[in-house]
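Chemist: First the structure, which I've put down as structure tokens, then a few questions once you've had a look.
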Amino acid sequence: MRVRIWGTRGSYPVAHASMLRYGGNTTCVEVVAEGRHIILDAGTGLRMLGDSLAQAQAPRQLDLLITHTHWDHIIGFPFFAPLFDPDLKLDIYGLARTQSSLRTTLAGALSDPLLPLNMDDLRAQINFFEIGAGHCFELGPVQVRTALANHPYRALAYRLETPDGVLTFIPDTGPFHTVLFGEERIEWTGQPTARSQSELRELAAMKAAILELAYRADWLIYDAQFTDAQYARFPHWGHSSATQAREIAEEAQVRQLILFHHDPHRTDEELDRIVAEQQALAAPGLLVTAAFEGMELWRKP
Numbered sequence: 279m280r281v282r283i284w285g286t287r288g289s290y291p292v293a294h295a296s297m298l299r300y301g302g303n304t305t306c307v308e309v310v311a312e313g314r315h316i317i318l319d320a321g322t323g324l325r326m327l328g329d330s331l332a333q334a335q336a337p338r339q340l341d342l343l344i345t346h347t348h349w350d351h352i353i354g355f356p357f358f359a360p361l362f363d364p365d366l367k368l369d370i371y372g373l374a375r376t377q378s379s380l381r382t383t384l385a386g387a388l389s390d391p392l393l394p395l396n397m398d399d400l401r402a403q404i405n406f407f408e409i410g411a412g413h414c415f416e417l418g419p420v421q422v423r424t425a426l427a428n429h430p431y432r433a434l435a436y437r438l439e440t441p442d443g444v445l446t447f448i449p450d451t452g453p454f455h456t457v458l459f460g461e462e463r464i465e466w467t468g469q470p471t472a473r474s475q476s477e478l479r480e481l482a483a484m485k486a487a488i489l490e491l492a493y494r495a496d497w498l499i500y501d502a503q504f505t506d507a508q509y510a511r512f513p514h515w516g517h518s519s520a521t522q523a524r525e526i527a528e529e530a531q532v533r534q535l536i537l538f539h540h541d542p543h544r545t546d547e548e549l550d551r552i553v554a555e556q557q558a559l560a561a562p563g564l565l566v567t568a569a570f571e572g573m574e575l576w577r578k579p
């Protein structure tokens with residue numbers, strides 16, 4: 279298993295001299311295992327991945343796993359060059375919803391007046407698969423499992439496992455004690471909204487599933503958009519702090535925590551400090567890093 283990170287930011291892409299080392303593209307990660315190419319999310323990093331595939335002997339089969347369809351996770355989709363290759367088979371997986379199908383949502387992002395394209399302009403053979411929390415399936419040699427993250431309008435988390443490595447991908451989630459996100463907009467009143475016993479039980483079950491998904495993973499890519507001070511101001515946004523990410527990594531006994539979904543205002547120097555602070559606090563044996571564009575992961579023998 280080889281993992282390469284193509285986009286690290288959350289919310290929207292950025293371009294600034296103070297953010298060059300960690301990168302400004304939004305979320306996209308490539309996983310290659312025994313020739314099988316799996317892509318996690320379709321943020322603006324997907325465009326660079328498409329260019330890279332075009333320069334090599336591009337695979338005939340790609341799998342795209344989408345955590346959710348907020349803009350920063352799908353904005354790169356129309357600009358992915360392989361979509362215009364009639365010899366490519368692309369299978370797209372995402373969360374089943376009641377409001378709109380996965381295909382309809384992506385088609386809407388492509389359509390006029392947002393973009394002078396539509397799904398009929400794409401030449402690849404595209405198949406859509408709607409899945410839910412707790413879903414298990416195989417993509418060639420890769421075992422895939424899902425869980426529900428605590429994020430507005432719902433989002434999936436993924437675990438990809440082979441004998442050569444385990445990657446858990448949770449780019450968007452709040453913690454599991456203050457707000458329970460569902461299919462509605464949360465109006466923040468300054469008080470925890472998850473106060474009923476049923477909501478607290480649901481949050482506890484959600485956290486247990488996330489911990490199981492991440493258990494002893496080689497790499498945990500986890501939402502760390504906020505500082506602790508920012509989280510105190512914005513607990514209703516569905517994102518975690520670096521401290522909360524580290525606590526999950528420690529409970530799940532992962533080998534390496536990779537802070538992800540960087541705030542679009544976070545500079546390289548600020549991220550350096552956050553990594554150093556969290557590494558100093560980390561349990562023995564846990565390596566804390568932050569995702570940067572071009573970062574590659576593989577398990578050494």
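For what it's worth, our numbering labels the leading residue of the sequence shown as 279, then goes sequentially. Even for Gly, the Cβ is constructed at its ideal location relative to N, Cα and C. Remember, it's a predicted structure, so these values are computed and weren't measured experimentally.
Where DSSP assigns a beta bridge to D341, which residues make up the other side?
Modeler: I316 and D369
Chemist: Considering only the beta carbon of each residue, do T456 and P513 sit closer than 7 Å?
Modeler: yes
Chemist: As a quick exercise: from I352, A569, L366 and Q469, pick the residue whose alpha carbon is nearest that of L380.
Modeler: I352
Chemist: The beta strand (DSSP E) that contains G633, what's its start and end?
Modeler: Residue 633 falls outside the range modelled here, since the chain spans only 279 to 579, and no answer is possible.
Chemist: Residues bridged to S519 by DSSP?
Modeler: In DSSP, S519 forms a bridge with F504.
Chemist: E477 lies in the alpha helix (DSSP H); which residues open and close that run?
Modeler: Q475 to A492
Chemist: Between the segment 389–400 and the segment 414–428, do at least 3 Cβ pairs fall closer than 8 Å?
Modeler: Result no; under three Cβ-Cβ pairs closer than 8 Å.
Chemist: Consult DSSP for V552 and reduce its assignment to one of helix, strand or coil.
Modeler: Note that residue 552 corresponds to Ile in the displayed sequence, not to Val. Three-state result, I552: helix.
Chemist: Using only CA atoms, which one of Q377, R533 and G328 lies nearest to R577?
Modeler: Nearest to R577 by alpha-carbon distance, out of Q377, R533 and G328, is R533.
Chemist: Does the distance from the CB of P360 to the CB of G328 come in under 7 Å?
Modeler: yes
Chemist: Of the residues I283, T545 and V444, which one's Cα is nearest the Cα of E490?
Modeler: V444
Chemist: In its own chain, which residues sit with a C-beta less than 6 Å from the C-beta of M573, not counting the 5 before and 5 after it?
Modeler: I283
Chemist: How is A433 classed by DSSP in three states: helix, strand or coil?
Modeler: strand
Chemist: What separation, rounded to the nearest whole angstrom, lies between the Cα atoms of K367 and H346?
Modeler: Each residue's Cα considered, the two are about 21 Å apart.
Chemist: Using the three-state DSSP reduction, which class does L400 fall into: helix, strand or coil?
Modeler: coil
Chemist: Would P364 and L388 qualify as a contact pair, given that the criterion is a beta-carbon distance under 7 Å?
Modeler: L388 sits away from P364, with the two beta carbons spaced by 7 Å or more.
Chemist: Spell out the partners DSSP gives W497 in its beta bridges.
Modeler: L445 and Q534
Chemist: Mind checking whether I344 and G372 have CB atoms under 7 Å apart?
Modeler: yes
Chemist: Where does F454 sit, in a helix, a strand or coil, going by DSSP?
Modeler: coil
Chemist: For a quick check, are the C-beta atoms of L549 and A527 less than 7 Å apart?
Modeler: no
Chemist: Counting only the same chain and skipping the five closest in sequence on each side, list residues whose C-beta sits under 8 Å from that of F454.
Modeler: Only N428, L481, A482, M484, K485 and I488 meet the Cβ criterion.
Chemist: Work out the CA separation of F459 and Q556 for me, nearest whole Å.
Modeler: 27 Å
Chemist: Rounded to the nearest angstrom, what separates Y436 and P542 at their Cα positions?
Modeler: 24 Å
Chemist: With the cut-off set at 7 Å, would you say A523 and Y500 are in Cβ contact?
Modeler: yes
Chemist: Determine the direct distance from the alpha carbon of Y509 to that of L535, and round the result to whole angstroms.
Modeler: 19 Å
Chemist: For R423, which of helix, strand or coil comes out of DSSP?
Modeler: strand
Chemist: Note down the Cα distance separating F407 from I448, rounded to an integer number of angstroms.
Modeler: 20 Å
Chemist: By how many angstroms is the C-alpha of C306 removed from the C-alpha of F362?
Modeler: The straight-line gap separating the alpha-carbon atoms of F362 and C306 is approximately 19 Å.
Chemist: Would you give the residue range spanned by the beta strand (DSSP E) that L417 belongs to?
Modeler: Start and end: C414 to L417.
Chemist: Would I316 and D350 qualify as a contact pair, given that the criterion is a beta-carbon distance under 7 Å?
Modeler: no
Chemist: Kindly give me the distance between the Cβ atoms of G418 and R287, rounded to whole angstroms, as I take these residues to be in contact under 8 Å.
Modeler: Wrong, their Cβ atoms sit about 29 Å apart, outside the cutoff.
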